[in-house]
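As structure tokens, the structure follows; a few thoughts come after it.
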Amino acid sequence: MNLKDLSKITSSMSNTGKMPVLFLGHGSPMNAIEENEFVSAFKKLGKELVRPNAILCISAHWETKGTFVTAMENPPTIHDFGGFPQALFDVQYPAKGSPELAQETKSIITKTEVGLDDKWGLDHGAWSVIKHLYPNADIPVIQMSIDYSQPAKYHYDLAKEISSLRQKGILIIGSGNMVHNLRMVAWNKLNEEFAFDWATEANEKMKSHILSGDFQPLIDFKSQGKAFDLAIPTPEHYLPLLYTLALKEESEKVSLFNDKPVGGSLSMTSLKIESE
């Protein structure tokens with residue numbers, strides 16, 4: 003990178019007040035086009051937030067060997083699902099990318115070599131919720147991938163390295179679901195508030211650790227018993243939560259919203275971290 007490029011990055015992301023950090027339970031892709039209480043909460047949140055310079059999203063739906071950030075000017079809208087109505091496939095979210103933010107993210111991470119990706123785009127873990135926060139698609143968005151080969155502590159520590167972006171007007175969003183077991187979904191109860199006992203147990207314990215600031219058991223989620231094992235059969239929807247929690251500072255508060263289960267084995271629980 004030459005001095006001209008570095009100057010461009012610095013000027014485009016000047017220091018601001020510290021941005022909040024979000025974890026959004028994204029649930030079914032249909033939340034992108036439906037009107038329900040979860041969508042209403044996302045829309046309300048978008049109106050309350052300070053307008054960011056750009057968004058960095060860690061989505062459950064981009065797993066890679068190694069860590070990458072999207073670095074194209076115009077990321078495509080990825081419809082990475084099947085079996086849904088055509089109306090969902092017709093959705094486009096034409097937010098610009100930010101090669102500058104991608105380069106800045108790459109430059110501040112020392113834990114691993116971050117690759118600049120020009121092939122991915124915005125998957126539904128990102129656009130299905132961000133479209134409700136910013137329906138005009140007028141905020142640049144990049145994604146950072148989840149390295150599936152690494153343990154939870156690696157992801158938690160990696161997230162801490164991007165904390166300085168919060169001071170540059172970057173809204174960091176983790177998008178997944180705290181409780182996410184598709185094999186055990188009660189499909190006939192997907193549109194109502196319903197949880198199996200183990201899902202309630204796991205979600206309540208997760209919330210207790212989140213609100214107390216005791217994140218170590220959440221990092222050690224594989225050692226927390228059967229309820230956690232059923233809630234997190236695979237880690238990709240859970241790990242974005244750790245990216246969000248890693249960015250919380252001692253003086254900041256956590257608030258929960260959309261804290262409801264659906265389909266027995268999914269939780270929509272979402273959270274916002276911000277300065278008091």
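In this note's numbering, each residue's number is its place in the sequence shown (first place is 1) plus 2. Each residue gets a CB set at the ideal place from its N, CA and C atoms; glycine is no exception. None of these values were measured; they are calculated from a predicted model.
- For V256, the enclosing beta strand (DSSP E) covers residues 254-259.
- At the C-beta level, H182 and H239 come within 8 Å of one another.
- Contact annotation: A104 and I164 have beta-carbon atoms that are not nearer than 8 Å.
- The beta-carbon distance between V23 and I132, rounded to whole angstroms, is 14 Å. This is too long to meet the 8 Å contact definition.
- By the CB criterion at 8 Å, P242 and F25 fall inside the cutoff.
- When DSSP reads this structure, L167 sits in no beta bridge, so it has no partner.
- In the three-state reduction of the DSSP assignment, M146 falls in the strand class, which pools E and B.
- Residues of the same chain with a CB within less than 6 Å of the CB of K98, apart from the 5 flanking positions on each side, are P142 in chain order.
- K20 and G176 have their C-alpha atoms some 17 Å from each other.
- In the same chain as N33, and ignoring 5 residues on each side of it, the C-beta atoms closer than 7 Å to its own belong to F40, V41, S130, in chain order.
- Distance from the Cα of R53 is smallest, within the candidate group F91, T72, D140, for D140.
- Cβ-Cβ separation between P77 and G123: approximately 4 Å, consistent with a contact (criterion under 8 Å).
- Rounded to whole angstroms, the separation of the alpha carbons of E102 and I212 is 32 Å.
- Taking C-alpha positions only, S30 is separated from L90 by approximately 11 Å.
- Distances from the alpha-carbon of H81 to those of E206, H126, T112, V187 put H126 closest.
- Taking a cut-off of 8 Å for Cβ pairs, the region 241-255 and the region 184-204 do not touch, as fewer than three such pairs fall below it.
- Rounded to whole angstroms, the separation of the alpha carbons of K121 and S109 is 20 Å.
- N205 is positioned such that its CB atom lies no closer than 8 Å to that of M186.
- Counting of Cβ neighbours within 10 angstroms places L258 among the exposed residues, the total staying below 16.
- Here the C-alpha atom of G48 lies approximately 9 Å from the C-alpha atom of P137.
- Per DSSP, the beta bridge partners of E65 are I148.
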